[in-house]
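So in this note's numbering the end of the sequence shown lands on 293, straight run, no missing numbers.
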Amino acid sequence: MIALRSPKEIAAMRKAGLVVWHALALARSLVRPGVTTGEIDKAVERFFAAQGVQPLFKGVPGKVPYPAVTCISVNEEVVHGIPGPRKLKPGDIVSIDTGCRIGGWCGDAAATFILEPVPERVRLLVQVTRDVLRLAIRLLGEKSYWSEVAAEMERFVKQHGFSVVEAFVGHGIGRNMHEDPQVPNFVSDLLRRGGDFRIQPGLVIAVEPMVNMGSKRVRLMPDYWTQVTADGLPSAHFEHTIAVTGDGPVVLTAGPRGELDFEPSDPEEAKAISETANQLRVSRNEQSGQP
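Here it is as structure tokens:
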């Protein structure tokens with residue numbers, strides 16, 4: 003059952019969304035050669051602790067409970083990459099997904115960051131994934147049913163020669179990270195069989211296109227979490243939590259000035275976030291317990 007949220011509830015969710023935006027802006031500032039994915043995760047974990055919020059990802063049940071507050075997926079990793087000792091290097095694309103709960107309300111967002119230099123086709127993959135999310139945000143203010151948005155998203159991705167991942171979809175969000183409805187980025191069998199839903203004020207969903215350079219197929223790695231492309235080609239992932247209001251769609255995980263990217267528009271704020279990230283960064287020695 004889809005729960006429609008009141009303006010007061012949506013305002014409460016905005017608080018969580020803003021913390022998520024700051025967490026991803028902080029993570030973005032640490033995406034540079036030589037930094038490990040584990041260091042980025044620990045910085046975000048410390049940031050959440052300083053804000054007094056509950057991370058959504060750590061401890062999520064599975065064959066093994068998820069061990070981190072972020073999912074960091076590099077290159078051919080699609081989603082659910084477990085942070086660890088992997089050092090980032092030039093040519094990587096790095097997808098970071100995280101979420102938190104404040105006052106009982108959740109926010110969830112993701113973005114893919116580029117470590118130059120990358121081939122033009124890889125850069126286009128990231129751009130198309132970013133743009134298809136922006137397309138969905140705009141269409142939430144123009145269409146009546148989600149299937150109409152999903153069809154346009156799928157068409158946009160395929161026009162550029164890429165494929166939409168079908169094994170994972172977006173979701174409703176509110177008191178819990180995953181709520182009804184399922185929000186596919188393509189016209190799925192579920193939508194055709196009556197799982198479509200009306201776009202109406204009070205609807206709050208996490209829209210998260212995952213786009214592969216090659217095949218849409220994915221496979222699970224032995225860690226029980228990391229999903230990689232079946233053909234080993236790169237994948238990109240973007241996500242925002244979005245509320246539909248009487249005035250149109252509102253991105254709850256946008257920045258304080260409405261930034262859809264996780265890059266502050268204010269230079270002073272960018273400097274402050276970078277300084278905070280460096281302060282929160284955990285050294286590789288500290289992670290491994292070495293003196």
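All C-beta atoms, glycine included, are put in the ideal place defined by N, C-alpha and C.
Per DSSP, what are the beta-bridge partners of residue i in this structure?
| i | result |
| --- | --- |
| residue 238 | 213 |
| residue 89 | 38 |
| residue 173 | 184, 208 |
| residue 57 | 102 |
| residue 245 | 206, 252 |
Assign residue i to one of two classes, buried (16 or more other C-beta atoms within 10 Å of its C-beta) or exposed (fewer than that).
| i | result |
| --- | --- |
| residue 10 | exposed |
| residue 26 | buried |
| residue 218 | buried |
| residue 3 | exposed |
| residue 143 | exposed |
| residue 85 | buried |
| residue 292 | Annotation note: pLDDT 37 at residue 292 (below 50); position unreliable, no value reported. |
| residue 267 | exposed |
| residue 6 | exposed |
| residue 222 | exposed |
| residue 251 | buried |
| residue 94 | buried |
| residue 229 | buried |
| residue 51 | exposed |
| residue 354 | Here the chain comprises residues numbered 3 to 293, so residue 354 is not present and cannot be evaluated. |
| residue 248 | exposed |
| residue 47 | buried |
| residue 138 | buried |
| residue 257 | buried |
| residue 122 | exposed |
| residue 274 | exposed |
| residue 290 | In this predicted model, residue 290 has a pLDDT of only 45, less than 50, meaning its place in the structure is not dependable; the value taken from the coordinates is given anyway. Exposed: under 16 other Cβ atoms inside 10 Å. |
| residue 132 | buried |
| residue 200 | exposed |
Let me check understanding here. Comparing Cα to Cα, which of the options lies closest to residue i?
| i | options | result |
| --- | --- | --- |
| residue 43 | 98, 148, 245 | 98 |
| residue 253 | 21, 190, 150, 16 | 16 |
| residue 207 | 125, 109, 269 | 109 |
| residue 213 | 182, 107, 238, 246 | 238 |
| residue 70 | 57, 79, 78 | 57 |
| residue 246 | 55, 92, 140, 41 | 140 |
| residue 172 | 228, 68, 152, 279 | 152 |
| residue 158 | 279, 189, 46 | 189 |
| residue 163 | 129, 138, 177 | 129 |
| residue 225 | 46, 65, 55, 28 | 65 |
| residue 154 | 195, 116, 211 | 211 |
| residue 124 | 259, 260, 236 | 236 |
| residue 54 | 102, 31, 14 | 102 |
| residue 277 | 28, 100, 116 | 28 |
| residue 216 | 165, 280, 8, 282 | 165 |
| residue 167 | 87, 116, 186 | 186 |
| residue 38 | 179, 76, 67 | 76 |
Counting along the chain, where does the alpha helix (DSSP H) carrying residue i start and finish?
| i | result |
| --- | --- |
| residue 158 | 148 to 161 |
| residue 24 | 9 to 32 |
| residue 276 | 269 to 282 |
First and last residue of the beta strand (DSSP E) that includes residue i?
| i | result |
| --- | --- |
| residue 95 | 95 to 104 |
| residue 130 | From DSSP, residue 130 is part of no beta strand (DSSP E) but of the alpha helix (DSSP H) over 122 to 141. |
| residue 52 | Premise fails: residue 52 lies in the alpha helix (DSSP H), 39 to 53, not in any beta strand (DSSP E). |
| residue 231 | 229 to 231 |
| residue 169 | First-last for residue 169: undefined, no H or E at that position. |
| residue 115 | 107 to 116 |
| residue 201 | Here residue 201 belongs to no beta strand (DSSP E), and DSSP marks it neither H nor E. |
| residue 4 | Careful: residue 4 lies outside any beta strand (DSSP E) and carries neither H nor E. |
| residue 222 | 220 to 222 |
| residue 79 | 79 to 81 |
| residue 250 | 250 to 253 |
| residue 74 | 72 to 76 |
Contact check, residue i vs residue j under 8 angstroms by CB: the rounded distance?
| i | j | result |
| --- | --- | --- |
| residue 136 | residue 262 | 7 angstroms |
| residue 113 | residue 22 | Not really, about 11 angstroms apart at Cβ, beyond 8 angstroms. |
| residue 184 | residue 192 | 6 angstroms |
| residue 81 | residue 170 | 6 angstroms |
| residue 149 | residue 198 | 5 angstroms |
| residue 45 | residue 107 | Rounded, the Cβ-Cβ distance is 24 angstroms, inconsistent with contact. |
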